[in-house]
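Taking this note's numbering, the leading residue of the sequence shown gets 2, the next gets one more, and so forth. Even for Gly, the Cβ is constructed at its ideal location relative to N, Cα and C. Single-structure report; data block below.
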Amino acid sequence: MNQEIINQKEYWNRELKAFDSIYTARKSSFSKWLDKVFRWDMFARYEYTFKHSEPIQNRTLLDIGCGTGVFSLEYARRNAKYVTGIDISEQMINVCINRAEKEGLSSLCEFLRSDLLEYKPNNNFDICIGIGLFDYIKEPQSVISKMCEVVTDRAIMTFPRFWTWRAPVRKVRLGLRKCAVYFYTKKRIEMLLNTAGFKRFEIEPVGKLFCVTAYVK
Ligand SMILES: C[S@@+](CC[C@H](N)C(=O)[O-])C[C@H]1O[C@@H](n2cnc3c(N)ncnc32)[C@H](O)[C@@H]1O
């Protein structure tokens, strides 16, 4: 693991509870209101991802940067054949494993502590997702190319947009906490997807994000 990844891992180990509470909404009314106003696109990306993953039933999925398993566990609940979640943060992975056990979903999913570039899957996946991941990836080309390699149908990804008021705010706020964050233009995303070898793709602006579905055929 290089220093950048170690910093990311430590940042996410520290931020786990704060991040997870955005979804679980175990927060004060004021914080909930702030999330609704400033983070509505996090909820929109959730809707986008499941809409663009259909059909889910009987398909295999890889969730890169699975965090606390919000997406992976929902795929398992929606009858995916098998879901693999990977994340560099061991604490995130522990939460995923515990939640899968609690819900009786362990036979449908596995969670591994790994960086995508080190991960060597035995099989390919129908769908691969990277949601809220590319914000934290210094060299996205190798990650997107690997996604294209391991997937047989499509990849779904989100990228934070470059030209938004929030980009410099996040750069400074996360930088102070030793977490590097990166932003993307549509042109750059097109270049990354073309270089990776995706045959076609859709890029949709959703608030301060681009939501992307890219197909290998
Ligand atoms: C913003 S969270 C998103 C979690 C989840 N995808 C979601 O949207 O709820 C980003 C996650 O990516 C993980 N991550 C960052 N860099 C990674 C890498 N190179 N390989 C795997 N996971 C990574 C972090 O540990 C963190 O859990």
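Query, Result
"Is Met192 close to ligand 1? I mean its beta-carbon at under 7 Å from any heavy atom of the ligand.", "no"
"Are the beta-carbon atoms belonging to Phe160 and Phe199 less than 8 Å from one another?", "no"
"Taking just the CA atoms, how far does Cys212 sit from Asn8?", "26 Å"
"Is the beta carbon of Asp88 within less than 7 Å of some heavy atom of ligand 1?", "yes"
"With Met43 as the anchor, note down where its alpha helix (DSSP H) starts and where it stops.", "Trp41 to Ser54"
"Check whether the Cβ of Gln9 lies closer than 7 Å to any heavy atom of ligand 1, and answer yes or no.", "yes"
"If distances are taken between C-alpha atoms only, which option among Ser29, Glu16, Ser32 and Tyr216 comes closest to Met158?", "Tyr216"
"Ligand 1 and Met148: does the residue's C-beta get closer than 7 Å to at least one heavy atom of that ligand?", "no"
"In terms of residues, what are the limits of the beta strand (DSSP E) holding Pro161?", "Val152 to Pro161"
"At which residues does the alpha helix (DSSP H) containing Leu74 begin and terminate?", "Val71 to Arg78"
"Can you confirm whether the stretch 138-152 touches the stretch 98-112 when touching is taken to mean that 3 or more C-beta pairs between the two stretches lie within less than 8 Å?", "no"
"Applying the 10 Å Cβ sphere with the 16-neighbour rule, what's the burial state of Ala19?", "exposed"
"Taking buried to mean at least 16 other C-beta atoms within 10 Å of its own C-beta, is Trp13 buried or exposed?", "buried"
"Return the CA-CA distance between Leu177 and Arg171, expressed in angstroms with no decimal places.", "10 Å"
"Confirm, please, whether the CB-CB distance from Ser73 to Gly86 is below 8 Å.", "yes"
"Could you give the first and the last residue of the continuous alpha helix (DSSP H) run that contains Ala19?", "Gln4 to Thr25"
"Closer than 8 Å by C-beta to Ile130: which residues in its own chain qualify, once you throw out the five before and the five after it? Chain order, please.", "Thr50, Ser54, Leu62, Leu63, Asp64, Ile65, Phe72, Ala156, Ile157 and Met158"
"Which partner residues of Glu203 appear in the DSSP bridge assignment?", "Thr214"
"For Lys209, count neighbouring C-beta atoms within 10 Å of its own C-beta (all shown protein chains included) and say buried if the count is 16 or more, exposed if not.", "buried"
"Distance check for Asn195 and Thr69, CA to CA, integer angstroms please.", "31 Å"
"Near Ala197, which residues of its chain fall below 6 Å by C-beta distance, leaving aside the five closest residues on each side in sequence?", "Ile145, Ser146 and Cys149"
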